[in-house]
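Going down the list, the sequences are from chains A and B.
Residue 84 in the numbering used here is what sits at position 16 of the first sequence, and the numbering runs on without skipping anything.
Residue 189 in the numbering used here is what sits at position 121 of the second sequence, and the numbering runs on without skipping anything.
Virtual Cβ for every residue (Gly too), placed ideally from N, Cα, C.
From a predicted model like this one, the values you see are computed outputs, not experimental measurements.
Written out below as structure tokens is the structure these notes cover.
2 protein chains.
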Amino acid sequence: MSYTYKHPRPAVAVDCVIFGYDHRLEEPDLQILLIERKLVPFKGKWALPGGFVQMSETLDEAAARELKEEAGIEKVYIEQLYTFGATDRDPRGRVLSVSYVALVNLEKHRPSAGTDAEAAEWFSLNKLPALAFDHRTIVKTALERLRGKVRYQPVGFELLPDEFTFSELQSLYETILERTFDKRNFRKKMDSYGLLIDTGGMRRGKPNRAAKLYRFDGKRYKTLEKRGFSFEL
Amino acid sequence: MSYTYKHPRPAVAVDCVIFGYDHRLEEPDLQILLIERKLVPFKGKWALPGGFVQMSETLDEAAARELKEEAGIEKVYIEQLYTFGATDRDPRGRVLSVSYVALVNLEKHRPSAGTDAEAAEWFSLNKLPALAFDHRTIVKTALERLRGKVRYQPVGFELLPDEFTFSELQSLYETILERTFDKRNFRKKMDSYGLLIDTGGMRRGKPNRAAKLYRFDGKRYKTLEKRGFSFEL
DNA sequence: TTATGTTAGTGTAAAATTAACACGAATAAA
DNA sequence: TTTATTCGTGTTAATTTTACACTAACATAA
Chain A
69 MSYTYKHPRP AVAVDCVIFG YDHRLEEPDL QILLIERKLV PFKGKWALPG GFVQMSETLD
129 EAAARELKEE AGIEKVYIEQ LYTFGATDRD PRGRVLSVSY VALVNLEKHR PSAGTDAEAA
189 EWFSLNKLPA LAFDHRTIVK TALERLRGKV RYQPVGFELL PDEFTFSELQ SLYETILERT
249 FDKRNFRKKM DSYGLLIDTG GMRRGKPNRA AKLYRFDGKR YKTLEKRGFS FEL
Chain B
69 MSYTYKHPRP AVAVDCVIFG YDHRLEEPDL QILLIERKLV PFKGKWALPG GFVQMSETLD
129 EAAARELKEE AGIEKVYIEQ LYTFGATDRD PRGRVLSVSY VALVNLEKHR PSAGTDAEAA
189 EWFSLNKLPA LAFDHRTIVK TALERLRGKV RYQPVGFELL PDEFTFSELQ SLYETILERT
249 FDKRNFRKKM DSYGLLIDTG GMRRGKPNRA AKLYRFDGKR YKTLEKRGFS FEL
């Protein structure tokens, strides 16, 4: 079966930069899920999960599908990032890449468990291997987006478990933004938005004072957002 | 001549939201350049300037080319906005739209003069006609981007002439953000960044005190930006 | 049972930033 | 020369941000 057009057309792929975060680590860092390529070009090299867009699906759907098929990840935060269109970015021919950024917590979504995604592996952002195509550029762009976005939209919570402590939240921000925050000031500011719900639970198990568990109030945020409220860290 | 592929491919277009601004108007507003469609579908309707991506050009190049061919506009600020990929956004079949935002000053780039762009016309943003395809959505997205961006990156200057007065700059921001600023505070803040150069010239001609002309120091901004400085209004 | 090591949780004062506010100076036209 | 209009400027109060240190609670080891 083949398809014929009057004018030449580029192929269109979606590629996903999946940021993972594990709050349980001593020194948590951002991770990225990569897949080892089984085929030429770049056989054996690591690449972002992705694939070609089907005619019947939207771009968002294509990204969600690839996320599920190649990474075994479903129902997470995902947004379109940028479309990369250098003419020589794929040696096979003209291929555009509509890139997406996804955010997942590594406790909720176990590191490449089961599924199709056995070729998948998490890498620390600062220990990435050489990447196929222009995927390095895509990752860089994704990181800039994440750093920018996290400061004025409450997307950080997507990287945490449903219930988290203030310290965990702070560590997350410190990791992403590569800076430290004063504990009291951080808490004060976060508190002031009234977006965190005290779940009543406590994080126990470590040989120190237990920490209260909170949940992000997404509904309230949406309400406030419509009223012109803006989150800012 | 025809082109055959093993798998079906979407067609890929670029569409440009060109924001225009005329500081000479009494009550300036943002304008958008539209083109009256000569062909079905949406014949007779207004649409964003755009067209299909050629195999030999990058997406940015395609956008620049369409800007020139359809709008007669060259060498202006342009950046990629978003890629729209609803399966039914074009009745002719699957067409992706990689959208761009461009910013032009209407004194520098005369309203649809000469060129190919005779079908082109500027419309006030709040008096837009019905648009073809999903172009309304694209315009909405573009406006959100502009509003967001203008506050933390000095892109507003792209909408002004090379030399402008403080009042003109303030009116621009007030127009885009749909709010007012205190004259003295606005000036103080802008001044504090040291990004405006006093050209020595004066804006004369009106029956009131002449205003000093300034120029935006783009080079200095780039230097500061690298040092971690960030503009914010 | 007690001691120890470690993280959780909390308030205040100084500094910096933002917001509010009014009037004389300069210009072109009448 | 008068008039109408916009330009250019400084201070004070309010708010926000920053800096900073100790007690409380928990699990483990003694």
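S239(A), DSSP secondary structure in three states: In this structure, S239(A) counts as helix in the three-state DSSP scheme.
Do you know whose CA, among P78(A), R252(A) and F232(A), lies nearest G268(A)'s CA? F232(A)
Report yes if the CB atom of A120(A) is closer than 8 Å to the CB atom of A154(A), and no otherwise. With the sequence shown as reference, residue 120(A) is identified as Phe, and Ala is not the correct amino acid for it. If you check the CB distance, F120(A) and A154(A) do not come in under 8 Å.
Look at the alpha carbon of E242(A) and the alpha carbon of L228(A), and state the distance between them as a whole number of angstroms. 13 Å
Best match in V144(B), A115(B), R157(B) and I206(B) for proximity to G88(B) [C-alpha to C-alpha]: V144(B)
Report the three-state DSSP secondary structure of I86(A) (helix, strand or coil). strand
In this structure, does DSSP put M258(A) in helix, strand or coil? Here M258(A) sits in helix by DSSP.
Mind pulling the chain B residues with CB within less than 9 Å of H203(A)? In chain order: nothing, as chain B lies at least about 17 Å away.
In three-state terms, what does DSSP make of T209(B)? helix
Classify F284(B) as helix, strand or coil using the three-state DSSP reduction. strand
Just tell me which of E138(A), A139(A), P159(A) and S167(A) has its CA closest to the CA of F152(B). S167(A)
With DSSP run on the structure shown, which of helix, strand or coil describes D202(B)? coil
G140(B) burial status per 10 Å Cβ neighbour count (16 or more: buried): Buried, since its Cβ has 16 or more Cβ neighbours within 10 Å.
Environment of R77(A) [buried if 16+ CB atoms lie within 10 Å]: buried
Rounded to whole angstroms, what is the Cα-Cα separation between P96(A) and L240(A)? When rounded, the separation of the alpha-carbon atoms in P96(A) and L240(A) is 8 Å.
For the beta strand (DSSP E) that D158(B) lies in, which residues bound it at each end? Premise fails: D158(B) is in no beta strand (DSSP E) and is neither H nor E.
According to DSSP, is F297(B) part of a helix, a strand, or is it coil? coil
Would you call the CB atoms of P222(B) and F284(B) closer than 8 Å? yes
CA-CA distance, V207(A) and V85(A)? Going by the C-alpha atoms only, they are around 6 Å apart.
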